[in-house]
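J.: Heads up, the sequence shown is in my numbering, so the first residue is 66 and it goes up one at a time. A virtual CB, placed ideally from N, CA and C, is assigned to each residue, including glycine. Computed from a predicted structure; not experimentally measured.
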Amino acid sequence: MTLARLALSGDLVRPSRLTVPDLLRWPQHRVAVSFECATSGTQHHRFTGPRLYDVLVDAGPGFDPARRKDRLRFLIAVTGTDGHHALLSWAEIDPDFADAPVLLGVSIDDTPLDAAGPQLVLPQDRCGARHISGVTAIRVDGSYRCAPAEVAAVP
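(1) Which term fits residue 78, buried or exposed, when burial requires 16 or more other beta carbons within 10 angstroms of its beta carbon?
(2) Can you give the beta carbon distance from residue 142 to residue 150, rounded, assuming they're within the 8 Å contact cut?
(3) Any chance the region 191-200 sits against the region 87-105, with 3 or more Cβ pairs inside 8 Å?
(4) Could you tell me whether the Cβ atoms of residue 85 and residue 182 are closer together than 9 Å?
(5) If residue 184 sits next to residue 170, beta carbons under 8 Å apart, how far is it from one beta carbon to the other, in whole angstroms?
(6) Would you say residue 128 and residue 172 are within 9 Å of each other, going by their C-beta atoms?
(7) Along the chain, where does the beta strand (DSSP E) containing residue 152 start, and where does it finish?
(8) Relative to the C-alpha of residue 160, which residue among 106, 121, 88 and 179 is closest?
(9) Under 9 Å, do residue 73 and residue 114 count as touching if we go by C-beta distance?
(10) Please name the residue, chosen from 210, 94, 205 and 187, that lies closest to residue 109 on a Cα-to-Cα basis.
(11) Which value, in whole angstroms, describes the spacing of the CA atoms of residue 125 and residue 205?
(12) Please give the ranges of any beta strand (DSSP E) in the region 125-181, keeping only runs that are unbroken, at least 3 residues long and fully inside the region.
(13) From residue 163 to residue 154, what distance separates their C-alpha atoms?
(14) Residue 138 and residue 82 look like a contact to me (Cβ under 8 Å); what is the Cβ gap, rounded to whole Å?
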């Protein structure tokens with residue numbers, strides 16, 4: 066069996082390529098989810114896997130320690146085998162902020178996903194639009210900067 070690979074890239078000190086067996090090194094969490102799928106109605110599944118936050122923290126996001134709240138400008142882009150993609154903010158997964166229990170599912174309903182690849186699981190989402198099967202890439206991007214607002218002159 067060929068193992069699916071997931072590329073961690075972007076603003077990371079330790080970018081890497083991981084397989085589902087590699088993802089078993091992190092603490093495993095189990096969640097039961099229900100979400101609406103536009104094509105097949107309500108879905109109910111059980112997933113096991115590490116928290117996305119734990120995996121990305123170990124990859125060393127390039128936060129600037131001199132800038133207070135620097136991590137809030139980081140975005141996380143996730144892509145699946147079918148080209149489906151989703152975007153999350155670092156604040157969504159950070160325990161100091163929203164602390165969403167986003168997982169990289171290594172099994173679905175007790176079936177291992179070694180060959181298919183991990184799934185992005187967002188238990189807090191009611192709609193399944195950000196659920197991604199066969200995750201192939203996760204890119205952490207800290208290049209976002211808010212431009213100063215232009216103030217219009219008052220006549």
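T.: Reading off the structure:
(1) exposed
(2) 6 Å
(3) yes
(4) yes
(5) 4 Å
(6) no
(7) 150-154
(8) 121
(9) no
(10) 187
(11) 10 Å
(12) 140-145, 150-154 and 168-170
(13) 10 Å
(14) Actually they do not touch by this definition, with Cβ atoms about 26 Å apart.
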